[in-house]
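In our numbering, the protein residues as written are 2 to 501.
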Amino acid sequence: MMKVPQCHRSYYSQKSPAFISLILLLLPIFSPDLFSPLSRSYPSLFSEWNAPQPRHMRLLQGALQCKTPIRQQLELWSPLPHQGWKSCHDSKNTPLPEKSGGYIQVFLDGGLNQQRMGICDAVAVAKILNATLVIPHLEVNTVWQDASSFTEVFDLDHFINSLSDEISIVTELPVEYSWSTREYYATGIRETRVKTAPVHASAEWYLENVLPVLLRYGVAAISPFSHRLAFDNLPKSIQQLRCKVNFEALLFVPHIRELGDTLVSRLRSSGEFSQQREKYVVLHLRFDKDMAAHSACDFGGGRAEKLALAKYRQVIWQGRVMKTQFSNEELRNQGRCPLTPEEIGLLLSALGFTNNTRLYLASHKVYGGEARISTLRKLFPRIEDKRSLATADERGKVEGKASLLAAVDYYVSMHSDIFISASPGNMHNAMLGHRAYQNLKTIRPNMALLGQLFLNESISWPDFQNAVAAAHKNRQGQIRVRKEQQSIYTYPVPDCMCQT
Ligand SMILES: *[C@@H]1O[C@H](CO)[C@@H](O)[C@H](O)[C@H]1NC(C)=O
Ligand SMILES: *[C@@H]1O[C@H](CO)[C@@H](O)[C@H](O)[C@H]1NC(C)=O
Ligand SMILES: *[C@@H]1O[C@H](CO)[C@@H](O)[C@H](O)[C@H]1NC(C)=O
């Protein structure tokens, strides 16, 4: 007979050394069934490292066997109360200029979410200069390798129409400027290229440095442009325009929205014969090899994993990423290690998600593949993703295109009841902002606290659960006012929204 682990703090005093050793004795019985890789995709892993074992066995048993109180479940899934803020953009504050001051071109690096911010900033800069914006050019990212253009990702007509009272946007330059192409700028020093925009440049910087180019040549190409417009000291009307672009003017192309709707309706459906609308949570499990290597933390894959990550660092960054001077323990204590799928599973359980939860995995690739996800799947058998929810045929137009796949995940994430990301990154920030704009729940893991809890090898499940629940009570989408230098796209209050 299996002894159940203590599930509530009140049992805590009953804990005895004998109880602990019983659990330890039972561990091997648990493991074979629990952690055999579920998938067909694992053989290639073993060339690199051994399948990682769960590292937090005590907690895992607690999570698997303890029931979540109903009250905690209800609280978790209840929508946020109205918090007193709403969007308040008025296009009359930024009317179309009588005469265009010329054409602004930008070339945008980065992944989808970074490019998105670049598009919003480009609209703002064109507005500051009373210029006409040429649809931004999306560069091919070296990591993601997707050559999709603006019009292949975003709904062009909606973009132009929803901003037409405020700014003129053209899909291409008029014939007399058709020489002003990416190739033209790539092959020589050109007078019309603005190369020197500092990071977080002010409106004045653009008026002083770009306006003269516009007036003289009629066109200015700003590159690099990512992160080249400040978040502070801009007129409120410009800030609101940036948010309007991000949260309202940028829709994905119809086929992405359709696929997104298909996924959402399958997540929400509770079976052929039931009308009940299910709730679902999106987990952005950002645990790819790139990230694992970058963090320099130990993820339990042993020596082979360490070597593999070190080799990856060498090849990809050629020593540009400094070897950290911190130990694995110090990094964890500071909350600087991405949570593993196992750890995020324990976090979700402690927050009150039950094994009946619909969980959508929004992720590109998981380092370690199915072997690493199996522990998470054990806790949450109803994990879904694009592949499990849609047929290859339905995914045909987006398959193999990182930006379009990311767009689908963005769409499904925006429609979820709850969004949580395993590590603060671009996607996390994008969702934090966009969902705040719509007053939707977004859980922000307290990385430092979690790092410390996971370092404590003797922590009991009830203690872990209580600590996690308490620390995340106010990290579920409660409005946070933007601080200086923070992004308005992550914290749209107060710049982009008004108190009601
Ligand atoms: C979910 O957990 C309960 C115990 O809390 C257990 O009885 C049940 O079998 C689990 N369901 C699945 C699908 O694992
Ligand atoms: C842009 O137009 C507005 C109103 O039409 C005007 O007040 C402002 O000075 C213009 N700015 C530039 C840089 O031309
Ligand atoms: C680890 O957890 C145990 C039991 O939950 C607790 O008593 C102890 O104070 C914790 N240790 C640290 C270093 O936090």
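Heads up, the beta-carbon is just placed ideally off N, CA and C, and yes, glycines get one too.
- Straight-line spacing of the CA atoms in residue 440 and residue 83 works out to 7 Å.
- Each of 137, 112, 131 and 122 was checked against the Cα of residue 147, and the nearest Cα belongs to 112.
- In the three-state reduction of the DSSP assignment, residue 300 falls in the coil class.
- In this structure, the alpha-carbon of residue 143 lies about 42 Å from that of residue 460.
- Taking a C-beta distance under 9 Å as the contact criterion, residue 299 and residue 329 qualify as a contact pair.
- Rounded to the nearest angstrom, the gap between the Cα atoms of residue 343 and residue 469 is 15 Å.
- At least one heavy atom of ligand 1 lies closer than 8 Å to the C-beta of residue 357.
- Between the region 209 to 219 and the region 469 to 486 there are fewer than three inter-stretch CB-CB distances shorter than 8 Å, so the stretches are not counted as touching.
- Close to ligand 2, as judged by a C-beta nearer than 5 Å to any of its heavy atoms, are the residues 98 and 131, in chain order.
- Judged by DSSP secondary structure, residue 152 falls within the alpha helix (DSSP H) whose first and last residues are 151 to 154.
- DSSP, read as helix, strand or coil, puts residue 84 in coil.
- Within the DSSP bridge table, the entry for residue 221 names 105 as partners.
- Taking all protein chains in view, the Cβ of residue 308 is surrounded by fewer than 16 other Cβ atoms within 10 Å, so the residue is classified as exposed.
- Contact between the region 113 to 122 and the region 234 to 246 is present: 3 or more CB-CB pairs across the two stretches fall below 8 Å.
- Within the same chain, 95, 167, 168, 239 and 242 come within 8 Å of residue 128 by CB-CB distance, once the 5 residues on both sides are set aside.
- Secondary structure note for residue 263: its alpha helix (DSSP H) is the uninterrupted segment 255 to 269.
- With contacts defined by Cβ atoms closer than 9 Å, residue 199 and residue 206 form a contacting pair.
- The beta carbons of residue 386 and residue 361 sit closer together than 9 Å.
- Around ligand 3, the residues whose beta-carbon falls short of 6 Å from at least one of its heavy atoms are 457, 459, 460, 461 and 464, given in chain order.
- In the three-state reduction of the DSSP assignment, residue 67 falls in the coil class, being assigned neither a helical nor a strand state.
- When beta bridges are read from the DSSP output, residue 500 appears opposite 86.
- Per DSSP, residue 482 lies in no beta strand (DSSP E) segment and is marked neither H nor E.
- Relative to ligand 1, even the nearest heavy atom lies 8 Å or more away from the CB of residue 106.
- Under the 10 Å beta carbon count, residue 180 is surrounded by fewer than 16 other beta carbons and is classified as exposed.
- Not one heavy atom of ligand 1 lies closer than 8 Å to the C-beta of residue 466.
- Following the DSSP letters along the chain, one finds residue 285 inside the beta strand (DSSP E) bounded by residues 281 to 285.
- Collapsing the DSSP output to three states places residue 194 in a strand.
- Per DSSP, the continuous beta strand (DSSP E) segment holding residue 361 begins and ends at 359 to 362.
- Taking 8 Å as the cut-off, the C-beta of residue 70 does not count as close to any heavy atom of ligand 1.
- Cβ-Cβ distances below 6 Å link residue 231 to 201 and 203 in the same chain, with the five nearest sequence neighbours on each side left out; the list follows chain order.
- In the three-state reduction of the DSSP assignment, residue 442 falls in the strand class, which pools E and B.
- Counting along the chain, no beta strand (DSSP E) covers residue 126; the unbroken alpha helix (DSSP H) around it starts and ends at 113 to 129.
- In this structure the region 121 to 136 does not touch the region 254 to 271; the number of beta carbon pairs closer than 8 Å is below three.
- Put simply, of 86, 421 and 346 the residue whose alpha carbon is nearest the alpha carbon of residue 494 is 86.
- In terms of Cα proximity to residue 500, the closest of 406, 449 and 438 is 438.
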